[in-house]
Amino acid sequence: MIADRIFTNAAVFDAAGADTVTVHGNSIVGVGRGVDRDMIGKHTEITDLGGASLLPGFVDAHAHPVAAGMSALRCDLSGLAHDRQSYLAAIAEYAAANPDEAVIAGAGWYGDAFPGGFPTRQDIDSVAADRPVILTSHDYHGAWVNTRALELAGITSDTADPAGGRIIRDHDGEPTGVLLDRGGDAVNALIPEVTPEFMRRALLEAQRRLHSVGVTGWQDAAVGAEFFGLKDNFATYVDADEAGELTARVVGALWWEAERGAEQLGELCARRDRTGHSRFTATMVKVMQDGICENCTAAMLAPYRAVAGHDTGESFIDPEDLHKVTALLAGERFGVHMHAVGDRAVRECLDALGHAIAQHPQFDGRHQIAHLDVVDPQDIPRFGRLGVIANIQALWARRDKEIVERKLPLLGPDRELWHFPFGSIQRHGGTLAMGSDWPVTDPNPLWAIHTAVHRTGTHADPHAIGDGVFDTPLQAQEGISLQSAIHAYTAGSAYANGQDRTGRIAAGMLADLVVLDQDITTATDVGMVQVVQTIVGGDTVFVRD
Numbered sequence: 001m002i003a004d005r006i007f008t009n010a011a012v013f014d015a016a017g018a019d020t021v022t023v024h025g026n027s028i029v030g031v032g033r034g035v036d037r038d039m040i041g042k043h044t045e046i047t048d049l050g051g052a053s054l055l056p057g058f059v060d061a062h063a064h065p066v067a068a069g070m071s072a073l074r075c076d077l078s079g080l081a082h083d084r085q086s087y088l089a090a091i092a093e094y095a096a097a098n099p100d101e102a103v104i105a106g107a108g109w110y111g112d113a114f115p116g117g118f119p120t121r122q123d124i125d126s127v128a129a130d131r132p133v134i135l136t137s138h139d140y141h142g143a144w145v146n147t148r149a150l151e152l153a154g155i156t157s158d159t160a161d162p163a164g165g166r167i168i169r170d171h172d173g174e175p176t177g178v179l180l181d182r183g184g185d186a187v188n189a190l191i192p193e194v195t196p197e198f199m200r201r202a203l204l205e206a207q208r209r210l211h212s213v214g215v216t217g218w219q220d221a222a223v224g225a226e227f228f229g230l231k232d233n234f235a236t237y238v239d240a241d242e243a244g245e246l247t248a249r250v251v252g253a254l255w256w257e258a259e260r261g262a263e264q265l266g267e268l269c270a271r272r273d274r275t276g277h278s279r280f281t282a283t284m285v286k287v288m289q290d291g292i293c294e295n296c297t298a299a300m301l302a303p304y305r306a307v308a309g310h311d312t313g314e315s316f317i318d319p320e321d322l323h324k325v326t327a328l329l330a331g332e333r334f335g336v337h338m339h340a341v342g343d344r345a346v347r348e349c350l351d352a353l354g355h356a357i358a359q360h361p362q363f364d365g366r367h368q369i370a371h372l373d374v375v376d377p378q379d380i381p382r383f384g385r386l387g388v389i390a391n392i393q394a395l396w397a398r399r400d401k402e403i404v405e406r407k408l409p410l411l412g413p414d415r416e417l418w419h420f421p422f423g424s425i426q427r428h429g430g431t432l433a434m435g436s437d438w439p440v441t442d443p444n445p446l447w448a449i450h451t452a453v454h455r456t457g458t459h460a461d462p463h464a465i466g467d468g469v470f471d472t473p474l475q476a477q478e479g480i481s482l483q484s485a486i487h488a489y490t491a492g493s494a495y496a497n498g499q500d501r502t503g504r505i506a507a508g509m510l511a512d513l514v515v516l517d518q519d520i521t522t523a524t525d526v527g528m529v530q531v532v533q534t535i536v537g538g539d540t541v542f543v544r545d
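Printed below as a string of structure tokens:
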């Protein structure tokens with residue numbers, strides 16, 4: 001056999017002293033030391049990495065790339081400094097540059113840029129009052145709008161909070177211009193329907209960005225969801241796959257509509273049947289059980305601190321109904337991907353998945369719970385016992401200003417001990433998969449790996465802001481080793497996606513590879529390491545200039 005590509009003089013991840021990887025076609029055919037001269041042909045490409053790392057391709061186990069791509073093509077605040085004036089200047093500039101847009105839509109703002117953690121409608125009114133402006137927060141759980149948007153949506157002081165949402169109000173009961181979770185539905189309905197062409201552009205822009213940071217595959221954690229300005233993106237993936245435009249391997253987690261019931265199961269099965277032709281499959285279903293801690297919509301076992309009414313958040317699906325949902329999905333051989341932030345939601349999801357696993361013990365569903373901001377210590381061993389994957393977003397596990405000022409005071413010191421308990425879950429036998437939740441936070445796996453290990457921010461990240469973010473770990477005992485962190489973002493996430501021929505460098509595996517600019521094991525700040533080349537199935541999909 002003649003090799004197509006040979007990478008040598010490499011620090012090959014997790015390959016027992018190997019320094020050479022040989023590729024033929026779309027697969028790895030050899031891993032060892034030195035170049036086998038018998039495999040070199042006239043057209044064999046040999047790359048000497050000079051001791052730099054060769055890793056399996058990163059797999060993002062929880063992302064929303066179409067949403068991220070749409071944001072990049074709209075009024076994008078995600079790359080700006082956390083500063084009110086920077087945001088307002090960007091909004092004004094976008095409005096001036098796009099006078100024909102009847103509605104200005106965008107995303108990416110952080111609450112820590114504003115007093116009290118929330119902006120106001122008057123902020124936007126000062127720079128763009130003539131038409132509705134609707135800007136989704138970086139975490140996609142809040143909408144910041146101007147007065148015109150509230151007027152057109154019919155939201156007044158008399159408007160009740162919708163189920164699963166909240167309208168932030170001032171002391172007089174007037175809407176301030178921030179709408180949480182489903183509270184944003186009415187304003188987001190004002191955004192004109194995007195075209196299929198726009199969504200395709202968004203997907204391809206997102207794919208380009210993900211390849212540039214070494215991501216060779218991902219799980220889209222909300223295929224079909226329609227909230228906060230997001231549109232049903234199922235056809236976007238199917239059409240791109242059929243056109244041969246997907247260079248990544250993508251698993252879709254089809255959206256479970258909490259307000260509906262078993263009648264949607266047939267629709268989900270029909271959608272799954274339309275996939276699997278090339279790079280896109282829809283084998284998972286996403287079930288969202290709560291919101292987030294910062295706006296007190298995450299479901300907690302005990303009340304938030306310093307919150308009027310001693311709020312414990314909201315479980316979006318009744319626990320008894322949740323048991324039925326997970327068992328129903330497992331019965332149709334869907335893996336279940338659950339959103340649980342608060343410790344009560346985590347327990348409810350573990351209970352429901354335990355029930356589904358007991359009902360369908362022969363089905364290897366790769367069931368998983370994402371986020372896990374707070375986990376009660378009694379529930380930590382259950383991940384390993386049940387075989388439920390901990391789908392973690394490690395970049396969040398640090399002392400950012402927003403977390404320190406908005407989140408930790410709501411949790412209190414006792415619950416802070418169990419804030420993102422990745423190390424404890426692993427020590428108790430749980431499997432870790434890692435994702436970014438992009439565009440909630442940046443998709444660079446190396447930034448997240450740094451934080452997973454050190455529980456501090458990387459200096460490469462402009463959103464690492466706050467006293468101690470670089471040198472005071474957030475619960476250092478919950479850090480994991482560098483090898484474990486890389487494994488979680490490669491083999492762990494590939495396992496969560498059900499793609500067992502990816503995630504590792506070994507003979508017979510698909511040649512999904514990432515070349516770095518140095519040996520990652522000797523880097524002081526892993527986030528400063530850069531991707532030089534990204535390869536999917538033996539084909540180069542990104543090269544750094």
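In terms of UniProt numbering, the sequence shown has 67 at position 67, counting the first letter as 1, and numbering is strictly consecutive. Built from N, CA and C at the ideal position, the CB exists for glycine as well. Keep in mind it's a predicted model, so treat the numbers as computed, not measured.
Can you tell me whether DSSP reads residue 572 as helix, strand or coil? An answer regarding residue 572 cannot be provided, because it is not within the stretch 1 to 545 covered by the chain.
For Trp255, which residues does DSSP report across the bridge? According to DSSP, residue pairing for Trp255 in a beta bridge involves Lys286.
Nearest-angstrom Cβ-Cβ length linking Pro115 and Leu190, presumed shorter than 8 Å: No, Pro115 and Leu190 are not in contact; Cβ-Cβ is about 27 Å, not under 8 Å.
Establish whether the CB of Ala52 and some CB of chain D are separated by less than 7 Å. Reference to chain D is not applicable here, since this structure consists of a single protein chain.
Span of the alpha helix (DSSP H) holding Arg366? Premise fails: Arg366 is in no alpha helix (DSSP H) and is neither H nor E.
Give the straight-line distance between the Cα atoms of Gln362 and Arg274, rounded to the nearest whole angstrom. 25 Å
Could you check the C-alpha separation between Ala18 and Ala222 for me, to the nearest Å? 39 Å
Keeping to the same chain, check which residues put their C-beta closer than 6 Å to that of Arg74; ignore five residues upstream and five downstream. So the list reads Ala105 and Gly106, once near-sequence residues are dropped.
Could you tell me the alpha carbon to alpha carbon distance between residue 547 and Asp139, rounded to whole angstroms? Any answer about residue 547 is impossible in this case: the structure gives the chain only from 1 up to 545.
Considering only the beta carbon of each residue, do Ile505 and Pro56 sit closer than 7 Å? Going by beta carbons, Ile505 and Pro56 fall inside the 7 Å limit.
Span of the alpha helix (DSSP H), counted from its first residue to its last, around Glu242: Phe234 to Glu242
Runs of alpha helix (DSSP H) lying entirely within the segment 34 to 85, each at least 4 residues, in chain order: Uninterrupted alpha helix (DSSP H) stretches at least 4 residues long and entirely within the segment 34 to 85 occur at 65 to 72, given in chain order.
What residues in its chain sit with their C-beta under 7 Å from that of Ala72, if we drop five residues either side in the sequence? Leaving aside the five residues that flank Ala72 on each side, the residues in its chain whose CB is nearer than 7 Å to its CB run, in chain order, Glu205.
Could you give the first and the last residue of the continuous beta strand (DSSP E) run that contains Ala390? For Ala390, the enclosing beta strand (DSSP E) starts and ends at Ile389 to Ile392.
So, with DSSP's three-state summary, where would you put Gln533? strand
What does the alpha-carbon distance come out to for the pair Gly527 and Met338? 28 Å
For residue 551, I'd like the list of residues in its chain whose CB is within less than 6 Å of its CB, leaving aside the five on either flank, ordered along the chain. The chain is shown from 1 up to 545; residue 551 falls before or after that span and cannot be answered.
Supposed close pair Ala143, Leu179 - CB separation, criterion 8 Å: 5 Å
Sufficient close CB pairs (3 or more, under 8 Å) joining the segment 437 to 449 to the segment 401 to 413: Output reads no: the segment 401 to 413 does not touch the segment 437 to 449.
7 Å CB neighbourhood of Arg366 in its chain, flanking five on each side removed: Gly335, Ile389, Tyr495, Ala496 and Gly498
Between Val346, Ile168 and Asp525, which has its C-alpha nearest Asp461's C-alpha? Asp525
Relative to the alpha-carbon of Gly276, which residue among Tyr237, Arg182 and Leu328 has its alpha-carbon at the smallest distance? Residue Tyr237 is the option with its Cα nearest to Gly276.
Does the Cβ of Thr136 have 16 or more other Cβ atoms within 10 Å, making it buried, or fewer, making it exposed? buried
Helix, strand or coil for His337? Go by DSSP, reduced to three states. strand
Nonlocal neighbours in the same chain, by C-beta distance under 7 Å from Ala507, ignoring five residues either side: Apart from sequence neighbours up to five positions away, the residues of its chain that approach Ala507 with a beta-carbon distance below 7 Å are Ile28, Val29, Gly30 and Val31, ordered along the chain.
Confirm, please, whether the CB-CB distance from Val187 to Val145 is below 7 Å. Yes, these two residues count as a Cβ contact at 7 Å.
Going by the beta-carbon positions, is the gap between Asp414 and Val341 smaller than 7 Å? no
CA-to-CA distance, Gly384 to Leu432, given in whole angstroms: Distance between the alpha carbons of Leu432 and Gly384: 10 Å.
Extent of the continuous beta strand (DSSP E) run through Asp273: Element bounds for Asp273: not the beta strand (DSSP E) but the alpha helix (DSSP H), Leu265 to Asp273.
Thinking C-alpha only, which one of Ala240, Val307, Glu257 and Glu320 is nearest Thr281? Ala240
On a CA-only basis, which of Ala11, Arg121, Ala302 and Asp125 is nearest Asp517? Give me that one, please. Ala11
For Gly503 and Gly538, I'd like the C-alpha separation in whole angstroms. 14 Å
Taking Gly217 as part of the alpha helix (DSSP H), name the residues at either end of that continuous run. Segment Val215 to Val223 is the beta strand (DSSP E) holding Gly217; no alpha helix (DSSP H) there.
Do you know offhand how far Gly69's Cα is from Arg201's? A direct Cα-to-Cα measurement between Gly69 and Arg201 gives close to 8 Å.
Kindly give me the distance between the Cβ atoms of Glu314 and Thr326, rounded to whole angstroms, as I take these residues to be in contact under 8 Å. At roughly 19 Å, the Cβ-Cβ gap does not stay under 8 Å, so Glu314 and Thr326 are not in contact.
Is Gln368 buried or exposed, if buried means 16 or more other CB atoms sit within 10 Å of its CB? buried
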